[in-house]
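Every letter in the sequence shown is one number past the one before it in the working numbering, and letter 34, counting from 1, is 216.
The structure appears right after this line, and notes come after that.
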Amino acid sequence: MVERVARTATTLPDAYEEEAWTGVRWRVRRRTFAHVLVLTPHHVEEYAPGTVVEPAPAVVFRSAGEELLALSSAGPPYLRPPWAPGVVALLLDDATDWDEVAELVTESYRVMAPQVLVRRLDGRR
Numbered sequence: 183m184v185e186r187v188a189r190t191a192t193t194l195p196d197a198y199e200e201e202a203w204t205g206v207r208w209r210v211r212r213r214t215f216a217h218v219l220v221l222t223p224h225h226v227e228e229y230a231p232g233t234v235v236e237p238a239p240a241v242v243f244r245s246a247g248e249e250l251l252a253l254s255s256a257g258p259p260y261l262r263p264p265w266a267p268g269v270v271a272l273l274l275d276d277a278t279d280w281d282e283v284a285e286l287v288t289e290s291y292r293v294m295a296p297q298v299l300v301r302r303l304d305g306r307r
């Protein structure tokens with residue numbers, strides 16, 4: 183799962199991968215835009231009180247605007263911690279749509295990256 187996220191994240195301008203306090207994260211200018219880790223039931227309770235799951239891999243990313251509102255109200259597999267505005271977690275499993283994950287990671291990069299890098303990304307299209 184880390185490799186699948188890395189395929190998208192590492193192609194973004196000035197993005198780099200590093201070990202996080204748990205799992206692996208991708209950053210741009212020292213700002214995290216994607217993080218893959220295993221969420222324990224304790225973590226899931228913090229993200230979505232009342233949601234009970236076994237330990238599960240997840241990708242945590244940033245979102246904004248209408249997309250954030252849509253993801254926040256979607257429910258599992260999307261989880262949104264009340265303590266972190268703009269942060270969303272997507273639980274990963276066999277049914278994960280990896281094209282969607284690539285889009286979410288790219289949009290998260292757009293939220294966190296300086297505009298000069300976002301323009302560079304837009305110029306590659």
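By construction, the Cβ of each residue, glycine as well, lies at the ideal position given by its N, Cα and C atoms.
Note that this is a predicted model, so its numbers are computed, not measured.
Per DSSP, what kind of secondary structure is W280 in: helix, strand or coil? Taking the first residue of the sequence shown as position 1, residue 280 is located at position 98. It is helical.
If you draw a straight line from the alpha carbon of L253 to that of A284, how long is it in whole angstroms? Counted from its first residue, the sequence shown places residue 253 at position 71. Counted from its first residue, the sequence shown places residue 284 at position 102. When rounded, the separation of the alpha-carbon atoms in L253 and A284 is 15 Å.
Contacting residues, own chain, Cβ-Cβ under 6 Å from V293 (five flanking each side not counted): Taking the sequence shown and counting its residues from 1, one reaches residue 293 at position 111. Result list for V293: R244 and A246, in chain order.
On the DSSP bridge list, what partners appear for L299? Start at 1 with the first residue of the sequence shown, and residue 299 comes out as number 117. Per DSSP, none; premise fails for L299.
Can you pull the DSSP bridge partners for Q193? Counting from one through the sequence shown, the residue named residue 193 turns up at place 11. Checking the sequence, you will find Thr at residue 193 rather than Gln. Bridge partners of T193: none, in fact.
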